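In what follows, a structure is listed as structure tokens, so that the remarks can point back to it.
Protein chains: 2
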Amino acid sequence: MERVPTTTTGRELPHPDRAEIRLETVLHALADPVRLRIAHSLDAFGEGAGQGAACSDVELPVSPSTATHHYRVLREAGVINQCYRGTAKINCLRRADLDALFPGLLDAVLRAAARQLKR
Amino acid sequence: MERVPTTTTGRELPHPDRAEIRLETVLHALADPVRLRIAHSLDAFGEGAGQGAACSDVELPVSPSTATHHYRVLREAGVINQCYRGTAKINCLRRADLDALFPGLLDAVLRAAARQLKR
DNA sequence: CGGCTAGTACGGTAACCGCCGTACTACGAT
DNA sequence: ATCGTAGTACGGCGGTTACCGTACTAGCCG
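Chains as they are written, first to last, in this note's numbering: chain A, 5 to 123; chain B, 5 to 123.
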């Protein structure tokens with residue numbers, strides 16, 4: 005059966021709301037190679053079918069506990085949104101918020117990241 | 005007399021060339037409030053008359069030695085160009101290089117910074 | 001139930017960062 | 001030559017960061 009466990013788990017994760025997102029914090033979050041890669045992967049995944057990707061969908065060159073750390077940094081900076089679905093944690097970019105606050109920034113960064121990969 | 009001391013001083017400062025500029029490093033450089041302010045100020049100054057501004061033209065809430073540190077981070081990241089003119093050190097954004105490598109990024113960051121200031 | 005998978009919290013370590021003061025150099029002006 | 005101004009190099013200090021391993025919880029499946 006299609007047991008889609010929509011937004012299970014009581015554990016709510018703290019997210020900054022739009023007005024609290026600071027440019028310096030966003031830039032700092034994206035300035036790390038691992039986190040930049042996460043953002044880039046989420047962008048790629050997000051464009052696909054149902055938006056969002058689990059942490060385990062993104063391959064990273066660090067240990068799971070370090071990955072958790074990086075996801076938290078991104079979430080607390082306001083770059084990504086995280087929610088639990090079953091045992092998985094689904095991540096997606098906060099495009100709407102970022103675009104509203106800093107028009108063009110996210111796209112510029114993601115395109116720059118993509119471009120730098122092909123070099 | 006107009007003793008314009010064009011590019012005096014033998015001391016040459018090391019700059020990365022275009023191909024060496026890394027996105028993560030640029031983002032890291034811009035992720036600090038003081039350095040973001042420097043970039044923003046250079047943008048404002050640069051648009052004016054003769055391009056570039058001396059370090060002392062940009063007011064910063066840190067000591068001179070710390071300011072030196074921040075300028076160096078920006079230069080080594082490839083965000084600014086520095087050269088001596090007389091006793092002053094002239095700084096300007098490396099627009100052409102950054103725009104070529106990461107189109108739209110610098111403008112997005114600077115506009116985001118400007119926008120965040122008016123809040 | 002037991003076991004699997006996904007992710008976490010904790011604690012520790014080594015590196016880095018932002019900041020400063022002090023002592024110094026480089027240039028221009030007097 | 002002397003002084004003042006612009007910026008620097010150095011060393012130190014305290015806070016943050018990236019990383020890991022280990023031990024743990026939450027949900028799913030058989």
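Cβ atoms here follow ideal geometry from the backbone N, Cα and C, with glycine treated the same way.
Note that the coordinates shown come from a computational prediction; the quantities given were computed from them, not determined experimentally.
Please work out which residues of its chain come closer than 7 Å, Cβ to Cβ, to residue i, disregarding the five sequence neighbours upstream and downstream, and give them in chain order.
i	result
leucine 27 of chain B	Phe106
valine 77 of chain B	Ala33 and Arg39
histidine 44 of chain A	Leu114, Ala117 and Ala118
Per DSSP, which residues does residue i bridge with? Please list them.
i	result
tyrosine 88 of chain A	A:Lys93
alanine 57 of chain B	B:Asn95
Taking C-alpha atoms, which residue in the options lies nearest to residue i?
i	options	result
proline 20 of chain B	B:Leu109, B:Leu64 and B:Arg79	B:Arg79
aspartate 61 of chain A	A:Lys93, A:Ala35, A:Leu17 and A:Tyr88	A:Lys93
cysteine 96 of chain A	A:Ile84, A:Asp103 and A:Arg89	A:Ile84
threonine 91 of chain B	B:Ala57, B:Ala104, B:Gln120 and B:Ser67	B:Ala57
glutamine 120 of chain B	A:Leu121, A:Arg123, A:Lys122 and A:Ala104	A:Ala104
alanine 71 of chain B	B:Phe49, B:Arg123, B:Pro37 and B:Ala48	B:Pro37
Residues in its own chain within less than 8 Å of residue i by CB, not counting five upstream and five downstream?
i	result
arginine 7 of chain A	Confidence is the limiting factor: at arginine 7 of chain A the pLDDT is only 39, short of 50, which leaves the residue's position unreliable, though a coordinate-based value still follows. There are no such residues.
threonine 12 of chain A	Low confidence applies to threonine 12 of chain A: its pLDDT is 47, below 50, so where it sits in the model is not reliable, and the reading given next is rough at best. The answer, listed in chain order, is Tyr88, Arg89 and Gly90.
Looking at the unbroken alpha helix (DSSP H) that takes in residue i, where does it start and where does it end?
i	result
alanine 117 of chain A	109-121
alanine 33 of chain A	27-34
Since I believe residue j is in contact with residue i (beta carbons under 8 Å), could you give me their beta-carbon distance rounded to a whole number of angstroms?
i	j	result
aspartate 101 of chain B	arginine 22 of chain B	5 Å
leucine 31 of chain A	alanine 35 of chain B	4 Å
glycine 82 of chain A	arginine 99 of chain A	Wrong, their Cβ atoms sit about 11 Å apart, outside the cutoff.
tyrosine 75 of chain A	isoleucine 42 of chain A	7 Å
Looking only at its chain, what residues have a beta carbon closer than 6 Å to the beta carbon of residue i, apart from the 5 residues adjacent to it on each side?
i	result
threonine 29 of chain A	Ala81
leucine 17 of chain B	Gln86
glutamine 55 of chain B	Cys96
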